[in-house]
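Q: Take a look at this one; I'll ask things after.
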Amino acid sequence: MNIKYFFPEPLGEKPVLRDIIWDLKDTALEAKEKNKSNNAECKFPNHEYMSGDFSTIYMSRNRVRSWDEQSFTIQAGGRHAPIHPQAPKMLFVEQNKRIFVPGKENLYRRLSVRECARIQTFPDDFIFYYSDISNGYKMVGNAVPVELANIIAQSILEIVP
37 MNIKYFFPEP
47 LGEKPVLRDI
57 IWDLKDTALE
67 AKEKNKSNNA
77 ECKFPNHEYM
87 SGDFSTIYMS
97 RNRVRSWDEQ
107 SFTIQAGGRH
117 APIHPQAPKM
127 LFVEQNKRIF
137 VPGKENLYRR
147 LSVRECARIQ
157 TFPDDFIFYY
167 SDISNGYKMV
177 GNAVPVELAN
187 IIAQSILEIV
197 P
């Protein structure tokens, strides 16, 4: 069988954070002690975020995107999750060093597992099961975005006899 496959053309859509997570902005829960899950206490499943310090490597770059920008890539680890767009851009101090805007430190939190899942196009009824929030971030960050997988699968179905 000789099959010629061509990767689908881009959709042209480029949703920004406002389009994807705006409705979740006021309902995220901070992790329990030792970054344990809040489980059923979350208003939306998995809508919780890791707490804790940020490494110097993390702080070497601006980790904040505004509401009208696309998200950074979602990585497979909560320690590297992007900062929520409610926070102002980080201030440049010197090469490889940025800081949070003084007086606004309370606005800097990581995106929640649910927010990251939405960015990866998981439907809200898809629930990630974990007790350590870091495992939720790993599951989301290691996944192929749902809509990307669907588009590729559909394009393959069109050419397979």
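The working numbering puts the sequence shown at residues 37 to 197.
Quick reminder that beta carbons are idealized off the backbone N, C-alpha and C, glycines included.
With H, G and I counted as helix, E and B as strand and the rest as coil, what does DSSP make of Tyr94?
A: DSSP places Tyr94 in helix when its eight states are reduced to three.
Q: In chain order, what residues of the same chain lie with their CB nearer than 6 Å to the CB of Phe164, ignoring the 5 residues before and after it?
A: Cβ neighbours of Phe164 beyond the five flanking positions: Asn82, Gly172 and Met175.
Q: Counting along the chain, where does the alpha helix (DSSP H) carrying Arg99 start and finish?
A: Careful: Arg99 lies outside any alpha helix (DSSP H) and carries neither H nor E.
Q: For a test of the three-state rule: what should DSSP assign to Leu127, helix, strand or coil?
A: If DSSP states are grouped into helix, strand and coil, Leu127 belongs with the strands.
Q: Taking the C-alpha atoms as reference points, what is the distance between Ala123 and Asn38?
A: Taking the straight line from one Cα to the other gives about 53 Å.
Q: At 3 residues or longer, and completely inside the stretch 111–165: list those beta strand (DSSP E) runs for me, N to C.
A: The qualifying runs are 127–130 and 133–135.
Q: Could you pull the DSSP bridge partners for Leu65 from this structure?
A: The partner list for Leu65 (beta bridge, DSSP) reads Glu84.
Q: Can you give me the C-alpha to C-alpha distance between Thr157 and Val52, rounded to a whole angstrom?
A: Answer to the nearest angstrom: the Cα atoms are 12 Å apart.
Q: Three Cβ pairs or more, each shorter than 8 Å: is that satisfied between the stretch 180–190 and the stretch 112–122?
A: No, the stretch 180–190 does not touch the stretch 112–122.
Q: Just grab the DSSP bridge partners of Asp168 for me.
A: Beta-bridge pairing links Asp168 to Lys72.
Q: Please confirm if Glu130 has its CB atom under 8 Å from at least one CB of chain C.
A: The chain labelled as chain C is not found in the depicted structure, where only one protein chain is given.
Q: In angstroms with no decimal places, state the Cα-to-Cα distance between Asn178 and Thr63.
A: The straight-line gap from Cα to Cα measures roughly 25 Å.
Q: Would you check if the stretch 129–144 and the stretch 43–59 touch, i.e. whether three or more CB-CB distances between them fall below 8 Å?
A: No: the two stretches stay apart, fewer than three of their Cβ pairs being nearer than 8 Å.
Q: Just mark Gly202 as buried or exposed, buried being the case when its beta carbon has 16 or more other beta carbons within 10 Å.
A: As shown, the chain starts at 37 and ends at 197. That puts residue 202 outside it, with no answer to give.
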